[in-house]
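Asks:
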Amino acid sequence: MTRRVAVTGIGIVAPGGVGVPAFWDLLTAGRTATRGITLFDASGYRSRVAAECDFDPAACGLDDEQIATADRYVQFALAAAAEAVRASGLDLAAEDPWRVGVSLGSAVGGTTRLEHDYVLASASGSRWDVDHRRVGPHLERVFAPSTLASHVAEAHGAHGPVQTVSTGCTSGLDAIGYAFHSIEEGRADIVLAGAADSPISPITVACFDAIKATTANNDDPAGASRPFDARRDGFVLGEGGAVLVLEELEHARRRGAEVLCEVGGFATFGNAYHMTGLTTEGLEMSRAIDEALAHARADRTEVDYVNAHGSGTKQNDRHETAAVKRSLGEHAYETPMSSIKSMVGHSLGAIGAIEVVACTLALARGVVPPTANYEVPDPECDLDYVPRTAREMPLRTVLSVGSGFGGFQSAVVLRRTGAR
Amino acid sequence: MDSPTKRRTALTGMGVVAPNGVGADAFWKATKEGVSVLDPISREGCEHLPLKVAGEIRSFDPASVIEGRYLVQTDRFTHLAMAAADLALEDARLDTADGSPFAVGVVTATGSGGGEFGQHELQRLWGQGPRFVGPYQSIAWFYAASTGQISIRGGFKGPCGVVASDEAGGLDALAHARRGIRRGTDAMVVGAAEAPLAPYSIVCQLGYDELSRSADPARAYLPFSADACGFVPAEGGAMFVAEEESAARRRGAPVRAVVAGHGATFTGTAGWERSREGLARAVRTALEDAACAPEEVDVVFADALGVPEADRAEALAITDALGPHGSRVPVTAPKAGTGRAYCGTALLDTAAAVLAMEHGVVPPTPGVTDVCHDIALVTGLARTAELRTALVLSRGLMGSNSALVLRRGDAPT
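Protein chains in written order, with this note's numbering: chain A, 951 to 1370; chain B, 145 to 557.
1. Can you pull the chain A residues whose beta carbon is under 7 Å from the beta carbon of B/TYR344, in chain order?
2. Mind the definition here: the segment 1170-1188 of chain A touches the segment 1320-1333 of chain A only if three or more C-beta pairs lie below 8 Å; say whether that holds.
3. Quick check: is the beta carbon of B/VAL549 nearer than 8 Å to any beta carbon in chain A?
4. At which residues does the alpha helix (DSSP H) containing A/PRO971 begin and terminate?
5. Please report whether the beta-carbon of B/LYS196 lies at a distance below 8 Å from any beta-carbon of chain A.
6. Should B/THR409 and B/PHE445 be called a contact, given that it needs their Cβ atoms to be closer than 8 Å?
7. Taking Cβ to Cβ, would you say A/PHE1093 is nearer than 8 Å to B/GLN349?
8. So B/VAL506 and B/VAL443 are supposed to be a Cβ contact under 8 Å. How far apart are they, rounded?
9. Compute the beta-carbon to beta-carbon distance between B/GLY405 and B/VAL307, rounded to the nearest angstrom, for a pair I have assumed lies under 8 Å.
10. For A/THR1062, would you say it is in contact with chain B, using Cβ-to-Cβ distances shorter than 8 Å as the test?
11. Given this structure, state the Cα-to-Cα distance separating B/PHE300 from B/TYR344, to the nearest angstrom.
12. Whole angstroms are fine: how far does the CA of B/HIS469 sit from the CA of B/GLN267?
13. Output the distance between the C-alpha atoms of A/GLY1214 and A/ASP1014, rounded to the nearest integer angstrom.
14. Taking 8 Å as the threshold (C-beta atoms), are A/LEU1187 and A/HIS1066 in contact?
15. Hey, A/VAL1362 and A/GLY1127: beta-carbon distance below 8 Å or not?
16. Just checking: is the beta-carbon of A/ILE1301 within a distance shorter than 8 Å of some beta-carbon in chain B?
17. Kindly indicate the opening and closing residues of the beta strand (DSSP E) around A/ASP1147.
18. Can you list the residues of chain A that B/PRO279 reaches, using a CB-CB cut of under 7 Å?
19. Let me check one thing: in DSSP terms, what residues is B/ARG539 bridge-paired to?
20. Flag B/ASP242 as yes if its beta-carbon sits less than 8 Å from any beta-carbon of chain A, otherwise no.
21. What first and last residue would you give for the alpha helix (DSSP H) that runs through A/SER1100?
22. From the DSSP output, in three-state form, read off B/TYR344 for me.
23. Suppose you measure from the CA of B/GLN281 to the CA of A/GLY1075; what does that come to, to the nearest Å?
24. If you pair each beta-carbon of the segment 1021-1034 of chain A with each one of the segment 218-234 of chain B, do three or more pairs fall below 8 Å?
25. Would B/PHE261 count as contacting chain A if we go by Cβ distances under 8 Å?
26. Can you grab the Cα-Cα spacing for the pair B/ALA162 / B/GLY481, in whole Å?
27. Taking Cβ positions, are A/LEU1364 and A/ALA1282 nearer each other than 8 Å?
28. Between the Cα of B/GLN217 and those of B/THR411, B/GLU530, B/GLY278, spot the shortest distance and give me the residue it belongs to.
29. Can you name the residues that DSSP bridges to A/SER1360?
30. How about A/LEU1196: is its C-beta nearer than 8 Å to some C-beta of chain B?
31. Report the three-state DSSP secondary structure of B/MET145 (helix, strand or coil).
32. Consult DSSP for A/VAL1092 and reduce its assignment to one of helix, strand or coil.
33. Between which two residues does the beta strand (DSSP E) holding A/ILE960 run?
34. Tell me, please, whether the segment 1119-1135 of chain A touches the segment 1270-1281 of chain A by the rule of three or more beta-carbon pairs shorter than 8 Å.
35. If we ignore side chains and look at the alpha-carbon of each, how far apart do A/ASN1221 and B/LEU525 end up?
36. Rank A/VAL1193, A/HIS1109, A/HIS1106 by C-alpha distance to the C-alpha of A/VAL970 and give the top, closest one.
This is the structure:
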């Protein structure tokens, strides 16, 4: 018998607000949380806009040791996981800990703290033979990307399969996909799945400057993230974290949990094309969509909403539009497809999980979040991108897609319970 | 397609890039002879650091095997992974020209990323300014670099993944590849290679209490001995070609081993004694997955951290999981002669296990003479034995425990 996978709790730290209510309020109002960078002095950089989180770890319930030892992105995950577990109603202490896993994604891990301590150790980049006496404590925990899943597993007493996934900007979707597989295959009954990144630091901003991937629209921070709009000129870097409680459906039913939706399908492929480039055909993303739908036993005409990768680079938006048309056929023109990156920016590995949380809320509440800042259509992007205003409509099946540096193309299908 | 559980995963190609040898032949010769290549660290900029001994790869010229356009946009950890992947693909004689590009996927594990490349670019940024950061920083430093580049270089469009994990992630990558094959992918290029010996990368590791500070290469890493004083870090790793077994046999590929079972648990960072139960459970899960009785295990490749408390926990876990057989089965830790290349470590152990089964030889644990735990650690000379089933163990410094059961390639299905 196939084991089905329910979403029974969600938690989030996103730009514009911490926690599910603030996040959903931002999305449904179509507000943007992009602004001039405040986390460091960005005056010497090409792109000086970002979507930052106003985050107070103590207010989110993190203890002193977590605050001292966990990097900013790990703190996002800890806060989001705590909210998700609370919302799920699970008493994890009463569960078999060997059946509880963690699967979290991050594209760049502890880059911000690594850079901070590098500056100290190298006397501001003046020496290759860095001085180990100048760095702060617990740097080894920052260096190890597995620290992300490890911290969250320790906080919740998980002893089952615990992993950190790092597939660039599809890390969040893939971490959720792997968690889905592990429950389906019977390796765990409960998995805390999601992603976090806090990449707003000089080195990350500079490396995207170098390839002109990010926006140079510094004069209009609130309007700088414009996915699918003809005037877009690159993505807006973001940060954040999101965690979902994934649970074997019968396990959730036995304890009378509210099932927000089910994860129905997941697939990922490589484009074997270019580390940062995308084809105009979108063949590989289309294949991921097809397989994820097949896994969910959903016909393409059943897709009610597509949560786009929609980063706001010209090549992404065209690639993705082509991929969705290839997979959904004529139905693509009737299907709303929006990018919440217009509001919360692109938080690299974290965004896939943030988008799946948005999809969960969209399904549960029957509201499609809009693409903010979308005003001038691009003739090559001719789908319904839900301009500026959220749309109320019943949803049963939604699709979330993503592309990542390295060529990763992933798709996750979520369904209302009973939709298959 | 066969049902998922009927799709077995065969290892048909192996590529090794290790401190004691590049290529499986050189690696096996040094491993079998128990040669230790641990040496004072020689990398520029590391002379003054309190880490004195490492396992460096000194016989590898990336420019001789990797095209210039890939070379400039990648870190050493990706050079090593690409070189190992080439060797594995050549070994497997996998011809993908006629098949669907979607039939082959790539999965790697890494715990350190492109540290040397990253340190150079950080130096440009902070020493000269933002405009001096090069265009490849965005794709060389991050953990997904090796999977992405191997996928592009080989034209592999199947499921691609990256386990950014502690050391145990090396085995988890093999398990991930096996799941990909069970779910319908024909072949996976899988493994890990690490290059954690740039000066700032070493600075980042100095906080590990488990790191050996010994300056004597002969004394720095002596797992399971009374003189155990921590582990020595290393670079390198191994890549494999994993294939659906019946397809591999149909095309006449050499089935070098079968990935028969895997188990993974997490017991955190609060103390190594907790890994006893975690590792034992991982072993039991892996044996059950492989339908393998404890007595069938012919050799154990130990995690062998070289920290007394951790060694004790592992020795007890082996007997907890294997019963009386646990104190008789040969246990070995060739990594005492190469150091631990983070996620690459368990892949090197997997390579050694496959070679050990093929040659009927258990390689020794270099340097160790006294064993202060109740396990049959192989020391001194290699031991001849009929080996049909090998168990590979791995633990990570962030608290993961992983176990893998391998069957010899000619084992009955």
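Ideal Cβ placement from N, Cα and C applies to all residues, glycine included.
Computed from a predicted structure; not experimentally measured.
Replies: Looking at the coordinates:
1. Within the second sequence, residue 344 of chain B is the residue found at index 200, counting from 1. TYR1068, ALA1071, VAL1080, listed in chain order.
2. yes
3. The residue you call residue 549 of chain B lines up with position 405 of the second sequence. Judged by the 8 Å Cβ criterion, B/VAL549 is not in contact with chain A.
4. The residue labelled residue 971 of chain A in the question sits at position 21 within the first sequence. Per DSSP, A/PRO971 belongs to the alpha helix (DSSP H) from 970-979.
5. In the second sequence, the residue the question calls residue 196 of chain B occupies position 52. So no, B/LYS196 is outside the interface.
6. One-based indexing of the second sequence puts residue 409 of chain B at position 265. One-based indexing of the second sequence puts residue 445 of chain B at position 301. No; because the gap between Cβ atoms is not below 8 Å, this pair is not in contact.
7. Here residue 1093 of chain A is taken as the residue at index 143 of the first sequence, counted from 1. Here residue 349 of chain B is taken as the residue at index 205 of the second sequence, counted from 1. For A/PHE1093 and B/GLN349, yes; Cβs fall inside 8 Å.
8. Start at 1 with the first residue of the second sequence, and residue 506 of chain B comes out as number 362. Start at 1 with the first residue of the second sequence, and residue 443 of chain B comes out as number 299. About 5 Å; that satisfies the 8 Å criterion.
9. Against the second sequence, residue 405 of chain B aligns to sequence position 261. Against the second sequence, residue 307 of chain B aligns to sequence position 163. Between B/VAL307 and B/GLY405 the Cβ distance is about 18 Å, and since that is not below 8 Å, they are no contact.
10. Position 112 of the first sequence holds residue 1062 of chain A. By this cut-off, A/THR1062 is not an interface position.
11. Counting from 1 along the second sequence, the entry for residue 300 of chain B is found at position 156. Counting from 1 along the second sequence, the entry for residue 344 of chain B is found at position 200. Each residue's alpha carbon lies about 33 Å from the other.
12. The sequence position of residue 267 of chain B within the second sequence is 123, counting from 1. The sequence position of residue 469 of chain B within the second sequence is 325, counting from 1. Between B/GLN267 and B/HIS469, the C-alpha separation is close to 54 Å.
13. As a first step, residue 1214 of chain A is located in the first sequence; it is residue number 264 there, counting from the start. As a first step, residue 1014 of chain A is located in the first sequence; it is residue number 64 there, counting from the start. Taking the straight line joining both Cα atoms gives about 39 Å.
14. What you label residue 1066 of chain A is simply residue 116 of the first sequence in a count that begins at 1. What you label residue 1187 of chain A is simply residue 237 of the first sequence in a count that begins at 1. No, they are not a contact pair.
15. The sequence position of residue 1362 of chain A within the first sequence is 412, counting from 1. The sequence position of residue 1127 of chain A within the first sequence is 177, counting from 1. The answer is yes: Cβ separation under 8 Å.
16. Position 351 of the first sequence, counted from the first residue, corresponds to residue 1301 of chain A. No, A/ILE1301 does not count as interfacial toward chain B.
17. Counting from 1 along the first sequence, the entry for residue 1147 of chain A is found at position 197. Residues 1140-1147.
18. For the purposes of this step, residue 279 of chain B is identified with residue 135 of the second sequence, where counting begins at 1. Within 7 Å Cβ-Cβ: ALA1160, ILE1161.
19. Translated into positions along the second sequence, residue 539 of chain B becomes position 395. B/ASN545.
20. Here residue 242 of chain B corresponds to residue number 98 of the second sequence, with the count starting at 1. No, because no Cβ of chain A sits closer than 8 Å to the Cβ of B/ASP242.
21. For the purposes of this step, residue 1100 of chain A is taken as the residue at position 150 of the first sequence. From DSSP, the alpha helix (DSSP H) with A/SER1100 extends over 1097-1106.
22. Translated into positions along the second sequence, residue 344 of chain B becomes position 200. Residue state, collapsed to three classes: helix.
23. If you number the second sequence from 1, residue 281 of chain B lands on position 137. If you number the first sequence from 1, residue 1075 of chain A lands on position 125. Cα to Cα, B/GLN281 sits roughly 16 Å from A/GLY1075.
24. no
25. If you number the second sequence from 1, residue 261 of chain B lands on position 117. It does not: the Cβ of B/PHE261 has no partner Cβ on chain A nearer than 8 Å.
26. Taking the second sequence and counting its residues from 1, the one referred to as residue 162 of chain B is at position 18. Taking the second sequence and counting its residues from 1, the one referred to as residue 481 of chain B is at position 337. Using only the alpha carbons, I get a separation of about 11 Å.
27. As a first step, residue 1364 of chain A must be located in the first sequence, where it is residue number 414. As a first step, residue 1282 of chain A must be located in the first sequence, where it is residue number 332. The answer is no: Cβ separation not under 8 Å.
28. For this step, residue 217 of chain B is matched to residue 73 along the second sequence. Of B/THR411, B/GLU530, B/GLY278, the residue nearest in Cα terms is B/GLY278.
29. Counted from its first residue, the first sequence places residue 1360 of chain A at position 410. As computed with DSSP, A/SER1360 is found in a beta bridge with A/THR1218, A/GLY1352.
30. Mapped onto the first sequence, residue 1196 of chain A falls at position 246. With 8 Å as the cut-off, A/LEU1196 does not count as an interface residue toward chain B.
31. Here residue 145 of chain B corresponds to residue number 1 of the second sequence, with the count starting at 1. Residue confidence for B/MET145 is low, a pLDDT of 46 falling below 50, so the modelled location carries little weight and cannot support an answer.
32. Walking along the first sequence from the start, residue 1092 of chain A turns up at place 142. If DSSP states are grouped into helix, strand and coil, A/VAL1092 belongs with the helices.
33. What you label residue 960 of chain A is simply residue 10 of the first sequence in a count that begins at 1. That run of the beta strand (DSSP E) goes 955-964.
34. no
35. Looking up residue 1221 of chain A in the first sequence gives position 271. Looking up residue 525 of chain B in the second sequence gives position 381. Rounded to the nearest angstrom, the two C-alpha atoms are 48 Å apart.
36. In the first sequence, counting from the first residue as 1, residue 970 of chain A sits at position 20. Measuring from the Cα of A/VAL970, the nearest candidate turns out to be A/VAL1193.
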